[in-house]
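Novice:
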Amino acid sequence: MTFINYASREINCKIVYYGPGLGGKTTNLQYVYDKTAPNAKGKMISLATETDRTLFFDFLPLELGSVRGFKTRFHLYTVPGQVFYDASRKLILKGVDGIIFVADSQSERMDANIESVNNLEQNLKLQGYDLMKIPYALQLNKRDLSNVVSVEDMKKELVRKGEPVLEAVASTGTGVFDTLKAVAKQVLIELKKG
Amino acid sequence: MTTPDMIMYEEEYQKIKAIIARLRTESNAKLVFLVDKNGQQIAAHGELENFDTTSLASLTAGNVAATDGLAKLIGEKEFSILFHEGERDNLHISIVAQRVILVVIFDNKSSLGLVRLRVKKASLELTEVFEKIVKKINSEKETGALEMESPFAEITDDDIDSLFAH
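From first to last, the protein sequence lines stand for chains A and B. The first sequence begins at 82 in our numbering and counts up by one. The second sequence begins at 46 in our numbering and counts up by one.
1) So which residues of chain A does Thr-105(B) contact, with C-beta pairs closer than 9 Å?
2) Comparing alpha-carbon positions, which option in Ala-121(A), Thr-260(A) and Glu-131(A) lies nearest Thr-99(B)?
3) Which ranges would you report for the beta strand (DSSP E) in the stretch 62 to 121 of chain B if only whole runs of at least 3 residues count?
4) Give the list of continuous alpha helix (DSSP H) stretches no shorter than 4 residues that lie fully inside the stretch 121 to 184 of chain A.
5) Would Leu-103(A) pass as a contact of Gly-162(A) if the rule is Cβ separation under 8 Å?
6) Which residues, in order along the stretch 217 to 248 of chain A, keep a beta-carbon less than 9 Å from a beta-carbon of chain B?
7) Leaving out five residues on either side along the sequence, give the residues of the same chain with a beta carbon under 6 Å from the beta carbon of Tyr-217(A).
8) Under the three-state reduction of DSSP, which class applies to Gln-143(B): helix, strand or coil?
9) Kindly list, in the order they appear in chain A, the residues whose Cβ is closer than 7 Å to that of Ala-110(B).
10) Ordered along the chain, which non-local residues of its own chain (more than five positions away) have a Cβ less than 8 Å from that of Val-164(B)?
11) Along chain A, in chain order, which residues have C-beta atoms closer than 7 Å to that of Asn-83(B)?
12) Note the first and the last residue of the continuous alpha helix (DSSP H) segment covering Val-174(B).
13) Around the Cβ of Pro-119(A), are there at least 16 other Cβ atoms within 10 angstroms (buried) or fewer (exposed)?
14) Can the beta-carbon of Glu-57(B) be found closer than 8 Å to that of Val-141(B)?
15) Output, in chain order, the set of chain A residues within a Cβ distance shorter than 8 Å of Asp-97(B).
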């Protein structure tokens, strides 16, 4: 649910990174933060536990520039991935415009990926959204590790519609901006439809 | 779902800014700001240079969402007022028109009683404005005027690519 302010000529969109625990959602955000010019970003907020696991959410405001005279702001959020934080995850999905699913490519995390995609679908439904209609991209993260599932097999298990699928290594930044762009593009195209 | 939930027009924006500015003066507060429940800041007035309002907006929305969740768990509809007391500054959070969050930051130059009193009055005025906005959006949706007005109707792939050029 984008917020268009005709008075100050601004448009604000909310993008949420979803996925299983320890999959690299916060790492994605951290990389975007590190690589963005200081004047284009706000403070990154992490509500984390003492062991740096996301407790409620991470938040990063980004200002990408102007489109047709409107300042375009993206608010990036992550959800806590661990299964028992479901109540918090639901809250963060409120008012979402686009979703990036960060899947962990390691073979032992495939079950967690599948559980998390199903959880996303359910939680979206509770908020009145349909995964089939919302701007969405699938990121296959941690492609640099040795015990990864093949891209084809991951697609078979996780692809829900014709969403863009991007390979990534969030810790080094590979694929991070490409994934963000894939979703941001869909969000802006949705706006075009009015 | 694809239609924007909130659109702010010049006329109502000026009204909202005026109400907030008056609330700040009358309650002797440091900062007053309005956020929608999704964490997007709508308007702010006061010592803006001393506060990171973008972060405040997103955390306030998170706080209200979590408190809403707590209320439902114990069978309440909502907790309409939240108050955080600090050593120096205090935070008064209230829900206006069931959809926007009004935040007042104040120190010992004001008092909780005064803030509550003034917030109550301002809330009524803000509710009126937001009802008007919703009416406006709905009537434009019906007539299709909203589509015509969308600044993004003409957006091209190049426009989007240029956002990510750097």
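Glycine is no exception: its CB is placed at the ideal position from the N, C-alpha and C atoms. Values in this document were obtained by computation on a predicted structure and should not be read as measured data.
Specialist: A quick look at the data gives this:
1) The premise fails here: Thr-105(B) is roughly 12 Å from chain A at the closest Cβ pair, so nothing lies under 9 Å.
2) Ala-121(A)
3) 76 to 81 and 86 to 91
4) 167 to 173
5) yes
6) none
7) Ile-180 and Glu-244
8) coil
9) Leu-172 and Lys-175
10) Leu-68, Ser-72, His-137, Ser-139, Leu-147 and Val-149
11) Met-82, Lys-95, Lys-175 and Gly-176
12) 157 to 188
13) exposed
14) no
15) Gly-123 and Lys-124
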